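Novice: Handing you this structure, nothing more for now.
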Amino acid sequence: MENVLLYIIVALGLSIVLNIFLKKIGISQIIGYIITGTIIVYAFDLREAGHSHQLEMIADFGIVFLMFTIGLEISLAKMGSMKKEIFGNGFLQVAVTSFVVYLVAHNIFALSEESSLIIALAFSLSSTAVVLSYLKASKEIYTSYGQSATGILIFQDIAVIPILILIGFLTSEANESITTILWHTFSSAVIVVGVLLTVGKRVVAWLLHFSASSDVDELFMGSVLFIVIGASLFASFMGFTYSLGAFVAGMIIAETKYHHKVEADIAPFKDILLGTFFVVVGMKIDLNLFVDKIGTIVGFFFLVFVVKMLIMFLLLRLSLSSSNALKTAMSLSQVGEFSFVIFALAASGGIINQDLASLLVLIVIFSMIVTPFFISKISPLVDALIKEKDVVTDLSSLASRENHVVVCGYSVVGKFVTKYLEEMDAPFVVIDNSNKHVKEALNDGIECYLGDAAKSSIVEALHVEKASAIIVTLDNITKKRLICEAILKVAKNANLIVKVVSLEEKEQLEDLDITTIVDGKVEVARVLVERMITCQLNYK
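Position in the sequence shown (first residue = 1) + 10 = the working numbering.
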């Protein structure tokens with residue numbers, strides 16, 4: 011017990027010192043955690059501990075809490091609106107990448123059909139932990155390419171389930187027929203989703219309401235942990251991954267009024283456990299094998315990276331601009347953490363040779379080490395390579411614009427706003443982050459630009475400091491707040507007018523120096539009364 015406490019305190023101290031240093035030179039803290047794990051293993055001769063099942067389970071809950079926070083941002087309604095990104099782009103990416111890698115592994119490297127299939131499926135997955143951690147921290151998760159990457163990652167996490175089932179079928183211990191396994195999986199999926207979205211939804215709503223009304227923070231935090239871990243264990247009991255249960259639980263809470271408080275309260279647990287996950291990754295590194303096979307590891311990493319990037323770029327180019335397609339492809343071209351589980355199970359089941367599995371694990375680890383170094387450079391690099399100077403992305407023509415109105419968003423409300431501005435003959439421009447909305451605006455004869463108004467570079471290009479007003483018409487409260495923060499950072503005295511749809515949204519924006527907050531429901535009520543008075547006067 012004393013030794014365990016010593017290992018923990020040394021790991022904590024070492025990770026803190028390393029990450030403070032890495033932060034100063036602009037390197038992700040993920041690298042610090044991985045290095046910490048490697049140092050601890052070799053300093054205390056704990057190489058066997060790196061493969062401890064109990065330690066891996068604790069580390070896996072870092073991914074669980076990460077998936078839970080993702081679920082909080084993707085409600086059932088939003089998941090329906092992202093069906094193209096999740097079930098369209100996600101399915102194509104996994105299917106096509108797996109097919110190409112399978113052909114390469116089987117025909118060029120002469121691996122067996124079973125080994126080639128498992129390696130292909132594992133290499134089709136990307137790192138949820140690394141990519142989503144960066145996208146959330148940098149707020150690029152709200153950009154077009156961020157949404158596309160998130161959708162693909164969600165599908166990949168769902169795809170882990172049938173991959174693990176397939177491994178069970180391929181192992182020598184599997185005695186059941188494929189029909190029985192598929193039927194068991196389908197019935198289990200129906201039960202898991204059905205219970206979590208019906209009974210679970212009611213239990214979650216009641217539990218959060220009860221604990222929140224008690225005004226005791228510990229009770230509320232305990233309720234959230236119970237929901238996350240309970241949903242994860244239920245999904246695991248039914249034969250699925252912990253992450254799937256946590257993700258569904260997050261989507262359920264996203265439908266309640268407590269989702270913002272839950273996200274803020276759960277963040278420390280997620281960050282600590284996610285750090286533990288990367289420490290365990292570092293503990294798995296066999297330095298002797300790594301040094302001996304460094305050329306092979308680096309070579310295979312670049313081969314996988316290039317193949318995945320080219321496949322994803324070609325697939326995504328069908329629905330995204332060249333810039334966003336390349337950003338998404340580059341950000342998802344590494345190999346993911348679920349590959350550890352896949353290779354471990356495949357090796358224990360005799361599908362993959364143990365030496366090959368050890369080499370593949372090192373390729374995955376190298377991939378996760380390298381990714382944090384370049385992922386933050388993807389956007390500026392792609393923007394420099396692909397300079398799309400067209401009417402919807404080049405904002406240079408606004409340099410001399412003054413006393414104009416900036417309309418953020420061209421959905422239903424945005425369209426009505428531009429209609430009334432045209433009737434008033436007021437000069438205005440529209441900014442929207444959706445290719446679809448921008449094309450609609452251009453077809454309607456509206457001056458519209460493609461860009462994320464939450465980015466300071468876009469806000470500065472719009473010259474909001476010279477604008478007579480900025481009208482924010484978006485529905486998503488998180489995006490609205492980010493846009494308002496970006497605008498007020500550039501122009502503190504901006505005439506900022508924001509639409510909200512509830513008192514809760516209004517309260518979330520009260521700390522910002524917004525000129526006018528328009529509550530849609532209040533305005534509808536006012537108009538109804540005005541129309542009533544008008545009708546009464548006309549009747550008299």
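Backbone N, C-alpha and C fix where the C-beta goes; we use that ideal spot for every residue, glycine too.
None of the values given here were measured: they were computed from a predicted structure.
List, from N- to C-terminal side, the alpha helix (DSSP H) runs of 4 residues or more that fit wholly inside the stretch 378 to 441.
Specialist: Entirely contained in the stretch 378 to 441, the alpha helix (DSSP H) runs reaching 4 residues are, in chain order, 388 to 395 and 422 to 433.
Novice: On the premise that V474 lies in contact with L427, defined as a C-beta separation below 8 Å, what is that separation, rounded to the nearest angstrom?
Specialist: Inspection of the sequence shows that residue 427 is occupied by Val rather than by Leu. That belief does not hold up - the Cβ atoms of V427 and V474 are roughly 16 Å apart, past 8 Å.
Novice: Quick one, are the C-beta atoms of Q344 and S377 less than 9 Å apart?
Specialist: Yes, the Cβ-Cβ distance between Q344 and S377 is below 9 Å.
Novice: Quick one: measure Cβ to Cβ for F97 and F165, integer angstroms, because I've assumed they're closer than 8 Å.
Specialist: Right, the Cβ-Cβ distance comes to about 7 Å (below 8 Å), so this counts as a contact.
Novice: I need the straight-line Cα distance from Q6 to L297, nearest angstrom please.
Specialist: Any property of residue 6 remains undetermined from this structure, which presents the chain solely from 11 to 550.
Novice: In whole angstroms, what separates the C-alpha of K509 from that of C458?
Specialist: Using only the alpha carbons, I get a separation of about 20 Å.
Novice: Of the residues H116, L326 and K146, which one's Cα is nearest the Cα of L492?
Specialist: Taking only the C-alpha atoms, the option nearest L492 is K146.
Novice: Pull the bridge partners of K489 from the DSSP assignment, please.
Specialist: For K489, which the question treats as bridged, DSSP gives no partner whatsoever.
Novice: Within this structure, are the beta carbons of S233 and L218 separated by less than 9 Å?
Specialist: Contact: yes.
Novice: For a quick check, are the C-beta atoms of N94 and S329 less than 9 Å apart?
Specialist: Here residue 94 turns out to be Lys, not Asn, going by the sequence shown. Cβ distance < 9 Å, so K94 and S329 count as in contact.
Novice: Between the alpha carbons of C545 and V202, how many angstroms are there, rounded?
Specialist: Rounded to the nearest angstrom, the two C-alpha atoms are 55 Å apart.
Novice: Counting only the same chain and skipping the five closest in sequence on each side, list residues whose C-beta sits under 7 Å from that of I362.
Specialist: Cβ within range, chain order: S125, I128, F353 and A356.
Novice: Find the nearest neighbour of S390 within the set V316, V74, S467 and A120, judged by alpha-carbon distance.
Specialist: Note that residue 390 is Pro in the sequence shown here, rather than Ser. Minimum Cα distance to P390 is reached at S467.
Novice: Does the Cβ of I551 have 16 or more other Cβ atoms within 10 Å, making it buried, or fewer, making it exposed?
Specialist: Because the chain here runs from 11 to 550, residue 551 falls outside it and cannot be looked at.
Novice: Going by beta carbon distance, what residues of the same chain come within less than 8 Å of Y252, once the five residues before and after it are set aside?
Specialist: The residues are D70, F71, I73, V74, S242, L243, A245 and S246.
Novice: Using 10 angstroms around the beta-carbon of V289, count the other beta-carbons present and answer buried if the total reaches 16, otherwise exposed.
Specialist: With 16 or more other Cβ atoms within 10 Å, it is buried.
Novice: Between the beta-carbon of P437 and the beta-carbon of I41, is there less than 9 Å?
Specialist: Taking 9 Å as the Cβ cut-off, P437 and I41 do not qualify as a contacting pair.
Novice: Helix, strand or coil: how does DSSP classify D529 here?
Specialist: Here D529 sits in strand by DSSP.
Novice: Mark S182 as exposed unless 16 or more other C-beta atoms lie within 10 angstroms of its C-beta, in which case mark it buried.
Specialist: Legend: pLDDT at S182 = 49, less than 50; position of this residue unreliable, value from coordinates given subsequently. The residue is exposed, with fewer than 16 neighbouring Cβ atoms inside 10 Å.
Novice: Near F348, what residues of its chain come up, given a Cβ to Cβ distance below 7 Å and the 5 sequence neighbours on each side ignored?
Specialist: Result list for F348: L135 and V170, in chain order.
Novice: Let me know the secondary structure DSSP gives V482 once reduced to three states.
Specialist: Strand.
Novice: With which residues is Y459 paired in a DSSP beta bridge?
Specialist: BP columns for Y459 point to I441.
Novice: Are the beta-carbon atoms belonging to A139 and G292 less than 9 Å from one another?
Specialist: Not in contact: A139 and G292 (Cβ atoms no closer than 9 Å).
Novice: Within this structure, are the beta carbons of I45 and L28 separated by less than 9 Å?
Specialist: Yes, the Cβ-Cβ distance between I45 and L28 is below 9 Å.
Novice: Considering just the uninterrupted stretch of the alpha helix (DSSP H) at I40, what are its terminal residues?
Specialist: Q39 to A53 is the extent of the alpha helix (DSSP H) around I40.
Novice: Please report the distance separating the alpha-carbon of E123 from that of R327.
Specialist: Using only the alpha carbons, I get a separation of about 31 Å.
Novice: How about V439 and R411: do their beta carbons lie closer than 9 Å?
Specialist: It is a contact, given that the beta carbons lie within the stated cut-off.
Novice: Alpha carbon to alpha carbon, how far is L498 from V392?
Specialist: Between L498 and V392, the C-alpha separation is close to 28 Å.
Novice: With a Cβ-Cβ cutoff of 9 Å, do S333 and Y155 count as a contact?
Specialist: Cβ atoms of S333 and Y155: closer than 9 Å.
Novice: Would you tell me roughly how many angstroms separate the C-alpha atoms of Y17 and C494, rounded to the nearest one?
Specialist: Distance between the alpha carbons of Y17 and C494: 45 Å.
Novice: Identify which residue in L452, N443 and V448 has its Cα closest to the Cα of G461.
Specialist: Comparing Cα positions, the closest option is N443.
Novice: Just the Cα atoms here: how many angstroms apart are N99 and W216?
Specialist: Distance between the alpha carbons of N99 and W216 is about 36 Å.
Novice: Taking 8 Å as the cut-off, does the stretch 107 to 114 touch the stretch 335 to 342 (at least 3 CB pairs, one atom from each stretch)?
Specialist: The answer is no - the stretch 107 to 114 does not touch the stretch 335 to 342, with fewer than three Cβ pairs under 8 Å.
Novice: Relative to the C-alpha of G240, which candidate in I524, V226, K211 and A535 has its C-alpha closest?
Specialist: When only C-alpha atoms are compared, the closest one is K211.
Novice: Check each candidate in I118, S197 and S158 and name the one with the smallest Cα separation from N445.
Specialist: Ranking the options by Cα distance to N445, first place goes to S158.
Novice: Do you know how far the Cα of Y420 is from the Cα of M434?
Specialist: Those two C-alpha atoms are separated by around 18 Å.
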